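Student: Read top to bottom, the protein sequences are chains D and B. In this note's numbering, each residue's number is its place in the first sequence (first place is 1) plus 71. In this note's numbering, each residue's number is its place in the second sequence (first place is 1) plus 34. Backbone N, C-alpha and C define an ideal beta-carbon position, used for all residues, glycine too. Keep in mind it's a predicted model, so treat the numbers as computed, not measured. Can you read through this structure? Questions will come right after.
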Amino acid sequence: MAYLIKGAHVVDPQVGLDDVRDVLVREKQIVEVSECIEAPEDAEIIDGSGKYLVPGLVDMHVHFRDPGFEYKETIATGSRAAAHGGFTDVATMPNTDPVTDDGAEIRYQIDRARKAGLVHVRPMGALTRGEKGESLAEIGDMVMEGASAFSDDGHGVQSAGMMKTCMAYVSQFDRVVCAHCEVESLSGNGVINSGRAATRLGMFGWPPLAEELEIWRDIELSRSTGCALHICHISTAKGLELVKAAKAEGLPVTCEVTPHHLFLNDEDITDTYNTNLKMNPPLRKASDMEAMVQGILDGSIDCVVTDHAPHAKHEKDCEWEIAFFGTIGLETSLPLMLTNLVLPGKMSWNRLVEVMAINPRRLLRCNPVKLEAGSQADLTLIDPKREIDVTESYFQGKSKNSAFLGAHLTGAACDVLMAGKHTLIDGVVA
Amino acid sequence: MLSVKHLIDTTSLTADDITQILDTAKSFDPIVNGRSIKKVPALRGRTIVNLFLEPSTRTLKSFELAEKRLSADSISMGGATSSVVKGESLADTIQTIDAMKVDMFVVRARLAGTPQKITENTDAVVINGGDGKHQHPTQAMLDLYTIREHFGHLDGLKVAIVGDLAHSRVCGSLAPALKTMGAEVTLVAPPTFQVGDPSWYGCEQTNHLDDVIEDMDVVYMLRVQLERMEGAAIPSRREYNRLYGLSLEREARMKDNAIICHPGPMNRGMEIDAEVADCARSRILNQVNAGVLTRMAEMYLLLGGEE
């Protein structure tokens, strides 16, 4: 199959492109990028005028709940959500049931994703067996089956000694350790950021220090083991300062931020106790939120991820303290970035491509995708004028627990090619 | 008429709302405390469900008596008999009861925000009888009534709330209500019991009861939840009593006209010594009496009286 994307504004800082081009795709590859391409007879034409064409977007932090919690999401339904949101690649977290802690579990996810055929699923493996923080998972076995990175996401590895063993062991492979940073003796029973909101609503707080202390610890462990460290879903200004200092020293440390930590804060939690705003780490103070925006603009935060966390209705339609943590995100991530940062001119299209495609692909140790002949045809076409009302019926995934329900957003993916396959066609999942 | 449809928290109440509740409660005083037949037909034919999802004796009985005195039809459910314990969701429980056509829910819950969630599942009026560590507005109203009865006013009074503030829904409701009525509040507790962010209350904070006790018009002692001793926010009952307990020595330093309150049940010998609990300044039993009056007033005002 061949596609000719005509007249799109192509943005790819990897090849220095930021201009209108025609792009011809044949089978799985880009075969030509130039100012004007005559349409071959067998090529389907996709009108790119007024739109932006970028390397396929990557979300390196999602939960597809498969196996174990298929009532929330499956690899098939999660793949639909990813394609709908404009993504060609996602990295799935290993807190499935059973936990993804050996090669067979990695292979299962990759096989299921191939069957769904909508997005490249790049499973992450657990650092420790069962994510219990007690003994090493079969990390080498998982690398050989295609694991993209390693994480005990959902928990911090509580023992510093165990985390040091994990990072030292991973350092023999070319893989990143993704750290969910939370000292559980400090976060305790916390269900909301410590401080004013917790006091106002009468609930236990989850203090920034619980996150920052473990960020500091893991940076020091990166220094001592040489293992590349990626801080998951960073949420506090102080935590980001620690990452910046590590980067300035030249340590192999990176970090990611979610749209909800960029665009929401704990003052958005009102006495309606909207449980879709309950997440881990919690929504922080307004000043932390502003620091996150500054960080994603100035380069100190490397990528945007959603921490897509589907939960069934009955797990959210209840009292806050017993509601599950998390919000879905795949289908609102790009529209939120466009509406809040790119279209108002705060963030360049080049920077958007770095944080949503180039950097996460590099961190997952995937081959780069470039807007040039010979590259794999993983491409996202973005319509900056597309209007979106975020309602339950907008979502293609199985669960609807979005922190952004009710929002009106501008700009979204309209077409996606995943390895040359047209997975999103004018906003509709294939 | 109150400015609110439900009584969920005291932060939504205006000074006028609070004054209406206290004045209406006062009008019930001769009925409850003066007559042998303590009953009026004000809520005859109205149906009230006391949904107590957390064990309670005094608050539940106070509501039940208030309902009987107003001639309402009421039932009480919860604890071991409630379906919530069997795994039913809150929404299902409320919709089930709602289908039987009730006018009011009085709810006590372990989890913050439960009364608000109930309002989303029924058209009935909801009164919060205490939700988690969040709010306990009917306790605050009976406290204000008791204090106003003694001083004749609330504005300008200095009130110390002493004890486990971090876990206290009593403080969560009382401090804002006192502020609304023009009183000055000081929060007294060990650092491990202080509220997360006192700026929310806009109150003074101190760790030293002895520094402030002589200036106070009201010393309000909170119950220390013994089950919260685990995890060591304080080392022992004995040490708490030495540092923060209201002893006879401390009582003797209080202003001549100052009073002592406690929401009960008391841990005698811990936050309050037995002699102090029974002394002339103690208003603890007056609070219990005011509980019936103010709860009558709240239900009467929220259900629109006799129509």
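1) To the nearest angstrom, how far is it from the Cα of T451(D) to the Cα of V222(B)?
2) Does R267(D) come within less than 8 Å of chain B when only Cβ atoms are used?
3) Is the shortest distance between the beta-carbon of H251(D) and the beta-carbons of chain B less than 8 Å?
4) At what residues does the alpha helix (DSSP H) containing K151(B) begin and finish?
5) Nearest to C374(D) by alpha carbon, out of R271(D), R178(D), L354(D) and L435(D)?
6) Leaving aside the five residues before and after G297(D) along the sequence, list all residues of the same chain whose C-beta is less than 7 Å from its C-beta, in chain order.
7) Of all Cβ atoms in chain D, is any one closer than 8 Å to the Cβ of E341(B)?
8) The alpha helix (DSSP H) with S96(B) in it runs from where to where?
9) Quick one: what's got a C-beta closer than 7 Å to L337(B)'s C-beta in the same chain, skipping five residues either side?
10) As an exercise, report each continuous alpha helix (DSSP H) stretch of at least 4 residues that is fully enclosed by the segment 322-389 of chain D, in chain order.
11) How about Y142(D): is its C-beta nearer than 8 Å to some C-beta of chain B?
12) If I follow the unbroken alpha helix (DSSP H) through G48(D), where does it start and stop?
13) Which residues in the same chain as A125(B) place their Cβ atom closer than 7 Å to its Cβ, once the five residues preceding and following it in sequence are excluded?
14) Excluding the 5 residues preceding and the 5 following E305(B) in the sequence, name in chain order all residues of the same chain whose CB lies nearer than 8 Å to its CB.
15) What residues from chain D crowd round L145(B), counting only those whose CB sits closer than 8 Å?
16) Reducing DSSP to helix, strand and coil, say where G482(D) ends up.
17) What is the rounded straight-line gap between the Cα of G310(D) and the Cα of L260(B)?
18) Assign H479(D) to one of two classes, buried (16 or more other C-beta atoms within 10 Å of its C-beta) or exposed (fewer than that).
19) Looking at the structure shown, is R436(D) part of a helix, part of a strand, or coil, going by DSSP?
20) Step through the CB atoms of chain D and report whether any lies within less than 8 Å of the CB of G230(B).
21) Pick out the complete alpha helix (DSSP H) segments inside the segment 386-435 of chain D, 4 residues or longer, and give them in chain order.
22) Check for me: the beta strand (DSSP E) holding A194(B) runs from which residue to which?
23) Count the other CB atoms within 10 Å of the CB of E341(B); is the residue buried (16 or more) or exposed (fewer)?
24) Between which two residues does the alpha helix (DSSP H) holding A308(B) run?
25) Buried or exposed: which applies to L282(B), given that a residue is buried once 16 or more other Cβ atoms fall within 10 Å of its Cβ?
26) In terms of DSSP beta bridges, what is A114(D) paired with?
27) Extract the residue ranges of the alpha helix (DSSP H) inside the segment 199-249 of chain D, only unbroken runs of 4 or more that lie entirely within it.
28) Identify, in the order they occur along the chain, each residue of the same chain with its Cβ nearer than 7 Å to the Cβ of T270(D), setting aside the five sequence neighbours on each side.
29) Suppose you measure from the CA of A200(B) to the CA of R355(D); what does that come to, to the nearest Å?
30) Which of the three DSSP states, helix, strand or coil, is assigned to N162(B)?
31) Over what stretch of residues does the beta strand (DSSP E) that includes C295(B) continue unbroken?
32) In its own chain, which residues sit with a C-beta less than 6 Å from the C-beta of I294(B), not counting the 5 before and 5 after it?
33) Report yes or no: is there a C-beta of chain D within less than 8 Å of the C-beta of R142(B)?
34) Within this structure, are the beta carbons of K167(B) and G216(B) separated by less than 8 Å?
35) Measure from the alpha carbon of E282(D) to the alpha carbon of each residue in L495(D), R267(D), H251(D) and A501(D), then state which is nearest.
36) H134(D) and H379(D): beta carbons closer than 8 Å?
Tutor: In this structure, then:
1) Cα to Cα, T451(D) sits roughly 59 Å from V222(B).
2) Yes, because at least one Cβ of chain B sits closer than 8 Å to the Cβ of R267(D).
3) For H251(D), the closest Cβ of chain B is not nearer than 8 Å.
4) Note, K151(B): alpha helix (DSSP H), T148 to T153.
5) Nearest C-alpha to C374(D): L435(D).
6) S242, listed in sequence order.
7) Confidence at E341(B) is low in this model, with a pLDDT of 43, below 50, so the placement of that residue should be treated as unreliable; the coordinate-derived value is given next. Not closer than 8 Å to any Cβ of chain D, the Cβ of E341(B) fails to qualify, so no.
8) First-last of the alpha helix (DSSP H) with S96(B): R92 to R103.
9) Correct list, in chain order: L77, R80, D137, M138 and V159.
10) Here the runs fully enclosed are 330-334, 357-369 and 384-387.
11) No, Y142(D) does not count as interfacial toward chain B.
12) Here chain D has residues from 72 to 501 only, and residue 48(D) is not among them.
13) Cβ within range, chain order: N155.
14) Counting only residues of its own chain and dropping the five nearest sequence neighbours on each side, E305(B) has a CB closer than 8 Å to the CB of V196, G197, M255, L256, R257, V258, Y274, N275, Y278, G279, L280 and H296.
15) Ordered by position in chain D, the residues that pass the 8 Å Cβ test against L145(B) are E390, W391, E392 and I393.
16) Annotated three-state conformation of G482(D) is strand, per DSSP.
17) Cα to Cα, G310(D) sits roughly 36 Å from L260(B).
18) Exposed, because fewer than 16 other Cβ atoms sit within 10 Å of the Cβ of H479(D).
19) Looking at R436(D) - three-state DSSP - the assignment turns out to be coil, as it is neither helix nor strand.
20) Answer yes: the Cβ-Cβ gap between G230(B) and chain D drops below 8 Å somewhere.
21) As far as the segment 386-435 of chain D is concerned, its whole alpha helix (DSSP H) runs of at least 4 residues are 404-408, 420-424 and 430-434.
22) Annotation for A194(B): the continuous beta strand (DSSP E) segment containing it runs K192 to V196.
23) Confidence at E341(B) is low in this model, with a pLDDT of 43, below 50, so its placement is unreliable and no value can be given for it.
24) Taken as a continuous stretch (DSSP letters only), the alpha helix (DSSP H) holding A308(B) covers A308 to A311.
25) When all chains shown are included, L282(B) counts as exposed.
26) Beta bridge pairing from DSSP links A114(D) with A73(D).
27) The qualifying runs are 210-216 and 231-241.
28) Correct list: empty, nothing qualifies.
29) Approximately 20 Å, taken between the alpha carbons.
30) DSSP places N162(B) in the strand class (E or B) of the three-state scheme.
31) Start and end: I293 to C295.
32) The answer, listed in chain order, is V253, R315 and S316.
33) It does not: the Cβ of R142(B) has no partner Cβ on chain D nearer than 8 Å.
34) K167(B) places its beta carbon 8 Å or farther from that of G216(B).
35) E282(D) has its Cα closest to that of H251(D), out of L495(D), R267(D), H251(D) and A501(D).
36) A contact, by the Cβ cut-off of 8 Å.
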